[in-house]
Each structure stands twice: as C-alpha cells, then as structure tokens.
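Numbering (full-length UniProt numbering), first residue to last: 1 to 751. Just so it is clear, CB atoms sit at the ideal spot from N, CA and C, and this is done for glycine as well. This report concerns only the one structure given below.
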C-alpha cells in the first residue's frame with residue numbers, strides 16, 4: 001500500500017482477516033505494524049470492527065508501547081454507534097500518566113469530534129486536566145508559551161481542520177504563528193493558511209510573503225518547501241503568487257533540480273503573456289538536465305499555459321517539437337503528443353504546423369500507442385486542411401514500415417482522406433488495393449471494407465461507416481445479436497434495440513434536505529428503451545440514516561403538473577439503518593400531445609416507521625405511517641435525448657438528409673453574449689456539441705453551434721444553431737432527423 005498499490009474490498013478483507021492472527025505475536029515492531037495496517041484498511045476492507053475487543057485490550061493493557069497506537073487504530077474504526085462503548089476507556093486514556101498514551105487519546109478525540117461531537121464534548125474535564133501536563137507531547141495551546149516547536153506545528157496542523165471562518169480566533173492564532181522564531185512553525189502556519197477553504201488572495205498575502213522570503217533561504221529544504229507550496233497556491237490563485245516571480249526566476253538555476261522544476265512550473269502558471277517567450281528560452285537550457293518525470297511536469301504546465309494564452313501557441317509549439325526530438329521514454333513522449341494535440345484542437349490556425357511536427361515524429365516513433373493516436377488525428381484533421389495530399393506519404397509509409405496495429409490504423413486514416421477529398425479518391429483506392437495484400441487479417445479486412453464503401457461514392461455510406469461509425473455499446477450489441485440468434489425471427493435485427501455507448505444522461509440528483517440527520521438520497525430517471533410505450537421509470541435510491549428507526553414499504557408518490565399519468569409505484573420493502581434500497585415509480589407521457597415532454601412532479605416519500613433499539617437494531621412490533629416531502633422533480637427535453645458525438649458533423653448532417661428538416665428563428669432577449677447563449681442551449685437541449693463548436697472565438701459577432709444526440713427510441717437528431725449578436729442574441733435553429741417527432745419536440749421546447 002505504501003508503494004501505491006490499491007486494494008480491492010475483497011482482497012483487503014482477506015488480507016485483514018489473515019493479519020489479525022498477528023495479535024498473538026510478542027514482536028513489538030510487528031504488533032505496531034498491525035495497528036498501522038488496521039488504520040490504512042479501515043475504509044476499504046469489510047468487518048474491521050471485529051478487532052475492537054483486541055484493540056480495547058491493548059489500550060488498557062500493561063504494555064505502554066502498544067497502548068498509544070492501539071488507541072489511534074481503535075478510533076479509526078469506531079463509528080458513532082460504537083463510541084459510547086469505548087467512552088470510559090478514552091476518558092481514562094486522556095488523563096493517563098504516560099505521555100504517549102495521553103497525546104494519542106487527545107489527538108484521536110479531535111478526529112472523533114467529526115463523528116460524534118456531543119459524545120466527545122463530554123470529555124472536556126479530562127482534556128482540561130491533561131492540559132496541565134508539562135510534557136511537550138501533551139501540551140495544548142491556549143495563549144501558552146510552548147516549549148517545543150513540534151508542538152506548535154502539530155497544533156497548526158490540527159487547527160486548520162476546524163477553521164471555517166477566517167475571522168475566527170483559531171485563524172488569528174495560525175496567522176500569529178507566521179511571526180514565530182522557528183522556521184518550521186512559520187512554514188507550517190503558512191501551509192495551514194493556504195489550505196483553508198475559500199481563502200481570498202488578500203487573506204493569502206501574509207503566507208505568500210513568508211514563503212517568498214524562504215525562496216532565498218540558504219537551506220535547500222526551505223527553498224523546496226516554499227516553492228512547492230507556492231506551486232499549490234498558483235493552481236487556484238495565480239495572481240497571489242505573481243509578486244514572487246522574480247524570486248522564482250532565480251530558482252530556475254538552482255542546483256537542486258526538484259526546486260528548479262517546481263519554480264519553472266509555478267512561473268508557467270503565474271507568468272504574463274509578455275513573459276512567455278522569455279520563459280521558453282529559460283526552459284530550453286534547463287529541460288535537458290532533468291529526468292523524464294520532471295519533464296512530464298513541465299510539459300503539463302506548458303499545456304495549461306497554452307490554454308491561458310492561446311495567441312502564444314506558435315512559440316510553445318516550436319518548443320514542444322524540439323522536445324519531441326530529444327531522447328525520452330513513453331510517458332514523456334505521450335505528454336508532449338497530448339499537449340500538441342490539445343493545442344491543435346484549441347487553435348485552428350496551429351493545425352498545419354502541429355500536424356507537420358507529428359508527421360515528422362511518427363517517421364521514427366517506437367511507441368505503437370502514440371503512432372496509432374497520431375494516425376487517428378491525421379485521418380480526422382488532415383482531410384480538412386488546405387493541402388491534404390501532403391499527409392498521404394507519411395500515412396502510407398506506416399503501412400510499409402510498421403507493425404500490424406499501426407498498419408491497420410494507417411488504412412483507416414487513408415479511407416478518411418478518400419471519403420472527404422474527391423480528387424484524392426482514385427489514388428486512395430489504389431493504395432487500399434495494395435493494402436489488401438497485407439499479411440495481417442485485420443489490415444486486409446479493413447482495406448477490403450473501406451475499398452468497397454468508397455467505391456459506392458455515397459455521402460451517407462461514408463458518413464455512417466467511415467466518419468462517425470457505430471455509436472452503440474459493443475458489449476451490448478454482442479449480447480443483443482446473441483439473443484437474436486437464440487430466438488429466430490422473420491424481422492431483421494434492429495440496431496435501435498442496442499443501448500448507446502455513452503453513459504446515461506437521464507439522471508437527476510436531489511438536493512440536501514433539512515431533516516436531522518439529513519437523509520442521503522439520489523434520484524435516477526431511467527428512460528425505457530421501448531419506444532412505442534412512452535413510459536419513464538424513475539428509480540429512487542434511498543438510505544435510512546436514522547439508527548433508531550426501521551422504514552418499511554417505502555414509496556415515492558408523485559403528482560405531475562401536466563398531462564403525465566402515474567401508473568404505479570413499486571416500494572422498497574425495508575430500509576434498515578445505513579442500508580441502501582430502491583423504490584420505483586412508473587409514469588406515462590401524454591398521448592394526445594407527444595411534443596409535451598416537459599413536466600414538473602411534486603414528490604412525497606411515504607413509509608411505515610418501526611422504532612428500534614439503536615444498539616441492537618431490534619424493531620418494535622407496531623409501526624406507524626409517516627411521510628416526508630421531497631424537492632420537486634423536473635423533466636425537460638434534455639431528459640429525452642442522449643448525447644452522442646459525431647466526429648464529422650457535416651457528413652452526419654448529409655447522412656440524415658432533409659426529409660424531416662425544420663427551421664425557426666428565435667430572439668434570446670435576456671442573453672447578452674454568444675458564450676452565454678451557447679452554454680444555455682447546450683444545457684437546455686442536453687445534446688453533444690460537435691466540431692468544438694461550444695468554443696466561441698474572441699471578438700466574434702456570429703457563431704454556429706452544432707449539436708448531436710439520440711432521441712428516445714434510438715433516432716438520431718442533429719441541430720445547427722446560427723447565433724448573431726446585436727442588441728441581444730438572435731438564434732436560427734435548424735433541426736434534422738430521420739423521423740418527424742424529434743424535430744417537433746425540439747422546436748416546441750425551444751419555442
């Protein structure tokens with residue numbers, strides 16, 4: 001676990017149960033390792049509570065070396081229902097004469113306050129008695145002169161867990177620690193301040209000033225701590241660190257490469273647009289001296305800088321291309337390739353230079369994953385450049401020189417050039433015919449398939465089988481085809497019966513309630529795939545958070561605001577404490593007006609309550625009915641559409657055709673910017689933006705948004721929204737589908 005391995009629940013539980021036998025060992029180091037393992041596995045293995053009696057025995061035993069660690073481990077696995085059972089032992093431990101035991105109990109008590117504040121509050125008398133100790137491990141601060149700087153650091157670390165308001169006395173105490181005579185305490189206080197939630201740049205200023213002084217310290221450990229912490233500040237508040245830029249530039253030449261790397265990445269986050277050129281020059285002389293691990297960090301910082309200052313993409317692209325030529329491992333090269341691809345996608349004017357750098361890279365690329373990724377990008381972006389023919393040589397070279405996986409990717413890329421460039425098609429057909437003689441089955445099959453599709457010279461076929469491909473779940477299609485073979489039918493197999501590959505979006509989460517303790521609720525709306533019936537099944541995930549009640553026959557009764565009909569409710573039979581359960585409500589959409597898809601439901605959870613003993617969980621025989629009002633549940637047009645990405649929207653638009661195309665113009669009076677209009681349209685319709693059309697270029701008065709989705713029942717629907725900025729925003733919406741219903745639904749909803 002210390003080396004980064006992640007345990008699954010089953011694996012952790014088995015290891016935990018095997019480890020419990022080690023409680024029989026008398027080896028002190030091994031026993032203390034047991035306590036440490038219990039703490040680490042507390043949140044991932046099941047039934048850790050079985051060691052409660054063993055830990056209680058150790059915390060009250062005669063071996064002082066076991067008592068402190070046992071207390072810390074026991075408090076880690078204890079929940080609110082068990083805390084009262086160990087309360088007596090905790091009170092005794094707090095006032096124990098052995099400093100390690102007392103300090104362990106005090107620190108554990110602070111952590112337990114988050115679980116059961118009322119119980120721990122009863123231990124205040126014991127805590128005050130412990131405060132009178134003169135041992136540095138037990139001292140607690142209350143305007144007292146502490147004897148040990150480690151104690152100050154521990155207090156600062158603990159206090160930051162409980163500071164919610166920056167005006168509180170606890171915050172004032174941390175800020176006063178910035179003036180402590182010990183550097184360790186000063187740093188810990190500064191670190192505590194920058195980790196406080198919702199801290200403003202003004203509140204961060206004292207901590208940043210202290211860290212700035214540490215940047216010029218002769219001690220490498222202080223320089224490293226300062227620049228590492230400033231790096232974290234720069235992630236959320238880059239303006240707060242700008243004052244330290246000169247000090248950070250001095251650290252670029254630091255003999256410690258870790259410090260230099262952190263200084264560079266921090267400057268990349270805080271530097272101005274005018275400083276980009278100078279930073280790139282400084283990095284050029286620095287990057288060759290660091291390991292691949294640090295190079296990856298630098299590349300990631302450059303990628304973030306590209307997004308911040310897109311007009312500087314040419315400078316950074318040149319720098320990245322030079323890095324790409326240097327020696328390096330897979331992770332380093334992948335980071336550079338990903339960064340170049342992100343620049344290409346964010347800045348259309350950088351496309352040709354970026355593709356040229358990547359073409360040069362794959363000529364001598366030893367990593368199959370990167371070669372196939374770049375070939376995919378070439379197939380997507382290359383055909384739409386002014387001179388697409390110049391990329392064909394680089395792609396076909398891969399067919400001649402590379403392994404099977406790369407050759408197959410190259411064949412797919414060639415097909416995309418032939419599908420979009422009529423003048424290149426004859427040459428592409430010749431190259432694909434040559435690929436049909438390949439030694440690998442996959443390469444030959446792809447070449448044969450694409451050759452036959454391209455020879456038809458039909459836009460719809462190219463869009464369906466070359467550009468956009470299948471959007472269904474492959475495991476789902478396999479299962480559906482298998483089922484179809486088991487039940488022979490005269491009807492052809494219907495692809496609309498196969499679930500889509502994207503995650504379901506028909507989901508809505510309920511807000512928190514004021515019931516104490518607040519119930520944890522999640523509402524999922526699952527749209528049935530059986531189109532003719534027009535039903536919506538709502539699944540309510542419920543958890544009973546009341547340890548003194550058993551809930552039975554739990555249902556959610558719904559009252560629609562429109563012509564929806566509630567068909568039936570399926571209850572959750574029983575909800576014991578902290579055990580999840582599900583109940584369902586089935587509703588039917590309006591039949592007389594199929595375009596009326598929006599509706600608001602008022603929801604009430606109804607159930608039977610049986611009081612029970614919180615310690616044993618045994619319920620009373622008699623129960624009583626109760627109910628709880630939930631927040632309203634809103635169904636909108638976006639709940640009837642699933643997002644699907646169309647990599648080539650123009651081809652998909654032609655494939656769907658204009659048999660059911662409709663167009664209307666609307667004035668978006670309350671919206672003042674194109675960005676706001678684009679975001680609102682995407683959110684309202686719940687469709688997938690294509691061709692990066694969700695990004696509005698700067699200083700533009702018009703923009704076109706392309707959206708794609710699948711309407712309930714499996715029918716593709718495409719939207720082209722032309723936006724113009726004047727006094728407000730005017731929107732011309734054109735909708736296409738292969739059926740009329742989705743078109744009418746979208747236009748009726750927008751109107």
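For the pair residue 350 and residue 314, the CB atoms are nearer than the 8 angstroms cut-off.
Looking at the DSSP output, residue 544 sits in a beta bridge with 577. Going by DSSP, residue 549 is part of the beta strand (DSSP E) stretching over 549-560. Residue environment analysis places residue 26 among the exposed positions, since fewer than 16 neighbouring C-beta atoms fall within 10 angstroms of its C-beta. Below 8 angstroms, enough C-beta pairs join the segment 68-85 and the segment 104-116 to call them touching: three or more. Assignment of beta-bridge partners to residue 703 by DSSP yields 723.
With a beta-carbon spacing of about 7 angstroms, residue 723 and residue 705 fall inside the 8 angstroms limit used to define contacts.
If you compare the alpha carbons of 237, 184, 238, 400 with that of residue 214, the shortest gap goes to 184. Of 43, 718, 28, the smallest CA-CA separation from residue 644 is found for 718. DSSP places residue 116 in the coil class of the three-state scheme, outside both helix and strand.
Contact between residue 370 and residue 337 holds, with the beta-carbon distance rounding to 5 angstroms and staying under 8 angstroms.
Take the alpha-carbon of residue 55 and the one of residue 18: they are about 16 angstroms apart. Taken in chain order, the unbroken stretches of alpha helix (DSSP H) that lie wholly in the segment 383-423 and span 4 residues or more are 392-401, 404-420. In the structure shown, residue 3 adopts coil according to DSSP, grouped into three states.
DSSP places residue 643 within a strand segment (E or B) once states are collapsed to three. Here the C-alpha atom of residue 471 lies approximately 13 angstroms from the C-alpha atom of residue 688. Under the Cβ criterion (8 angstroms, minimum of three pairs), the segment 733-750 counts as touching the segment 588-597.
When the Cα atoms are used, residue 538 and residue 577 turn out to be separated by approximately 23 angstroms. With a cut-off of 8 angstroms on Cβ pairs, the segment 233-241 is in contact with the segment 197-209, counting three or more such pairs.
The bridge partners DSSP lists for residue 582 are 541. Collapsing the DSSP output to three states places residue 628 in a strand.
Counting C-beta pairs closer than 8 angstroms gives three or more between the segment 258-268 and the segment 297-306, which meets the contact rule. In the DSSP assignment, residue 247 falls outside any beta strand (DSSP E) and within the unbroken alpha helix (DSSP H) covering 245-250. Relative to residue 592, the option among 562, 620, 583, 407 whose CA is nearest is 562. The Cβ neighbour count for residue 617, taken over all protein chains shown within 10 Å, is under 16; the residue is labelled exposed. Residue 496 and residue 732 have their C-alpha atoms spaced approximately 30 angstroms apart. Straight across, the Cα-Cα distance linking residue 420 with residue 384 is about 8 angstroms. DSSP places residue 611 in the uninterrupted beta strand (DSSP E) bounded by 599-611. Per DSSP, the unbroken beta strand (DSSP E) holding residue 732 starts and ends at 729-737. Across the structure, residue 623 and residue 575 are spaced so that their CA atoms are roughly 14 angstroms apart. In the structure shown, the three-state DSSP call for residue 438 is coil.
Residue 535 carries a strand assignment under DSSP once its states are collapsed to helix, strand and coil. In terms of Cα proximity to residue 413, the closest of 13, 208, 451, 441 is 451.
For residue 272, the closest alpha carbon among the candidates 320, 311, 292 is that of 311.
Taking 8 angstroms as the cut-off, the beta carbon of residue 605 is found closer than this to the beta carbon of residue 556.
For residue 81, there is no enclosing beta strand (DSSP E); the enclosing alpha helix (DSSP H) has its first and last residue at 80-94.
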